[in-house]
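These protein sequence lines are chains A and B, in that order.
Numbering-wise, the first sequence is residues 1 to 116 according to my numbering.
Numbering-wise, the second sequence is residues 117 to 232 according to my numbering.
Using N, Cα and C, we set each Cβ at its ideal position, and we do this for glycine too.
Down below is the structure, laid out as structure tokens.
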Amino acid sequence: NAGVTQTPKFQVLKTGQSMTLQCAQDMNHEYMSWYRQDPGMGLRLIHYSVGAGITDQGEVPNGYNVSRSTTEDFPLRLLSAAPSQTSVYFCASSPGTGARRTGELFFGEGSRLTVL
Amino acid sequence: AQKITQTQPGMFVQEKEAVTLDCTYDTSDPSYGLFWYKQPSSGEMIFLIYQGSYDQQNATEGRYSLNFQKARKSANLVISASQLGDSAMYFCAMRGIIQGAQKLVFGQGTRLTINP
């Protein structure tokens, strides 16, 4: 069972470089999201999607772009990396309404990004 | 606004003792869900327990139970007979409606250390 797969697991960037964090899920979940985790701040929502072709901003969207062309994939793009984007990034998915525990998130293993 | 507060940045407990991790929440929605996740040093996010706002009984999952006090807006996690493997970061989260969409909001986390 693959679940939610994130790549890469580790990445070092220089300020100003761009990159894409990939996320794929094989559970046919409608909802997908990206969080960043920083010490003392818990997990904060960057962007989310409630279905293919639909995305919206979360709490900390600046500097990040997303798209959702298929149900399975939800990539996160950093357009011009900044040191403030050094963080651990989690992709998570959730079934739609009707699930036994509505809103439960299934997480990828995380991607540790360092911006120098 | 939806908010989750975990007031204990760190806790130290002797093995085999019970431990309570505090979580308070703020919401005006009548329907919401509360989750606890565990994050061991390896970094993955592991679902532990869920409580729906309309559930009559406190949730239990093995050694984990959720002390849900709706009037006080608290959802404390109780771990009975703690084990060394319980050492981890613990996050409380709430499902709520934010800007018209269901989202999961996380607290800052509590780092639990079990001493032998």
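Can you pull the chain B neighbours of residue i, defined as C-beta to C-beta under 7 Å?
i	result
A/Gly117	No answer is possible for residue 117 of chain A: it lies beyond the span of chain A, which begins at 1 and ends at 116.
A/Phe90	Met161
A/Asp56	Ala217
A/Phe10	Simply none; closest approach about 11 Å.
A/Glu30	Within chain B, no residue comes near A/Glu30; the closest Cβ sits about 11 Å away, beyond 7 Å.
A/Gly3	None at all; the shortest Cβ gap to chain B is about 10 Å.
In the DSSP assignment, what are the bridge partners of residue i?
i	result
A/Tyr89	A/Arg36, A/Ser111
A/His47	A/Trp34, A/Gln57
A/Gly73	Here the sequence assigns Asp to residue 73 of chain A, which means Gly is not the residue at that position. In DSSP, A/Asp73 forms a bridge with A/Ala24.
B/Tyr206	B/Lys154, B/Thr226
B/Gly168	B/Gly149
B/Leu182	B/Leu193
Tell me the rounded alpha-carbon separation between residue i and residue j.
i	j	result
A/Phe74	B/Gly149	25 Å
B/Gln155	B/Met161	5 Å
B/Ala209	B/Ala191	10 Å
A/Asn28	A/Lys14	35 Å
B/Lys132	B/Phe163	22 Å
B/Glu177	B/Asn183	12 Å
A/Met32	A/Tyr64	15 Å
A/Glu59	A/Leu79	18 Å
B/Val233	A/Leu105	The requested residue 233 of chain B is not part of the displayed model; chain B covers only 117 to 232.
B/Ala217	B/Arg179	33 Å
A/Ser69	A/Thr55	10 Å
Find the residues of chain B that neighbour residue i, judging by a C-beta separation of less than 8 Å, and give them in chain order.
i	result
A/Met41	Gln224
Taking the beta strand (DSSP E) that residue i falls in, what are its first and last residues?
i	result
B/Asn174	Segment: none, B/Asn174 is in no beta strand (DSSP E) and carries neither H nor E.
B/Ala197	Per DSSP, B/Ala197 belongs to no beta strand (DSSP E) and is neither H nor E.
B/Asp142	140-142
A/Met41	Taken as a continuous stretch (DSSP letters only), A/Met41 belongs to no beta strand (DSSP E), as it is neither H nor E.
B/Gln130	126-130
A/Asn65	64-66
Could you list which residues in chain B have their beta carbon closer than 9 Å to that of residue i, in chain order?
i	result
A/Gly16	Near A/Gly16 there are no residues of chain B at all, since even the closest Cβ is about 27 Å away, more than 9 Å.
| request: Using a Cβ-Cβ cut-off of less than 7 Å, list which residues of the stretch 148-168 of chain B approach chain A; keep chain order. | output: Gly149, Phe151, Gly159, Glu160, Met161, Phe163, Tyr166
| Under 7 Å (Cβ pairs) to chain A, residues found in the stretch 201-230 of chain B | Phe207, Arg211, Ala217, Gln218, Lys219, Leu220, Phe222, Gly223, Gln224, Gly225
| request: With 9 Å as the C-beta to C-beta threshold (strictly closer), list the residues of the stretch 43-77 of chain A near chain B in chain order. | output: Leu43, Arg44, Leu45, Tyr48, Val50, Asp56, Gln57, Gly58, Glu59
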